[in-house]
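Comments concern the structure below.
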Amino acid sequence: MAENPRPNPAFEKESIIMQHGIFALLVGTLNNQIQVKYQSIKGSPFDSHDVIMSVFLVALFIYATASVAEVMLRARESTYYTLVGNLRLFASALAAILLLAILAPILGCVISVVWACLFIGVAYESSRELSNILSQLTTNKLLDMLTRLIARVRSRKEEPNQPHV
């Protein structure tokens, strides 16, 4: 991992605010279209597309949770907020694609294949970054433990022998 990685413009504050706005507009528009489609049908999307709607709700929950986690990591000035940002972006894309799959199943399937390819690429890069993070944490913890152990051994050698009472 580079010492000073160039910040990704997709994760700047203004860009993130814009992404939230686009997601809200997209989901709102697709939701309105689904309402129009189902107003003449007695059922609901939960009846005819129960799996899609369940996965949509999970994706929406992941999006909301990742958004909060990203804000918290940014507030702590952590460099790892991009991992959570990637999760947020892909959860929001999945949620929008699932709503599109209800409206236009063929178009939804085509776009979900493209989404899956992008997801695999970003997941691979994120797993490499996560691996680097974990190895750094492990190395730092091991060095810290070893330093404390050496300090403890040295302090015992320097203590005068006192009789046990």
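Remember, the working numbering sits 1 above the position in the sequence shown when you count from 1. Backbone N, C-alpha and C fix where the C-beta goes; we use that ideal spot for every residue, glycine too.
- Just so you know, the alpha carbons of Asn33 and Leu90 end up roughly 22 Å apart.
- Put simply, the backbone Cα of Ser45 is about 37 Å away from that of Thr83.
- A residue is called buried once 16 or more other Cβ atoms fall within 10 Å of its Cβ, and Leu101 is buried on that count.
- Of the candidates Leu99, Ser132 and Leu27, the residue whose Cα lies closest to the Cα of Trp116 is Leu99.
- In the three-state reduction of the DSSP assignment, Lys38 falls in the helix class.
- From the listed residues Ala105, Ile42, Ser156 and Val154, the smallest Cα separation to Ile53 is found for Ala105.
- In the structure shown, the three-state DSSP call for Ser45 is coil.
- Rounded to the nearest angstrom, the gap between the Cα atoms of Ala67 and Val85 is 6 Å.
- DSSP places Thr83 inside the alpha helix (DSSP H), whose first and last residues are Tyr82 to Leu104.
- CA-CA distance, Ile134 to Tyr125, rounds to 14 Å.
- Per the C-alpha coordinates, the member of Gly29, His50 and Thr148 positioned closest to Ser93 is Gly29.
- At the C-beta level, Ala97 and Phe47 stay beyond 9 Å of one another.
- For Ser79, there is no enclosing alpha helix (DSSP H), since its DSSP letter is neither H nor E.
- Listed in chain order, the non-local C-beta contacts of Leu95 below 6 Å within the same chain comprise Ala60, local neighbours out to five positions each way being set aside.
- Separation of Met146 and Val72 (C-alpha to C-alpha, rounded to the nearest whole angstrom) is 32 Å.
- Taken atom to atom, the span from the alpha-carbon of Ile18 to that of Arg75 is near 14 Å.
- Tyr81 is the residue among Leu26, Phe57 and Tyr81 whose C-alpha sits nearest the C-alpha of Ser132.
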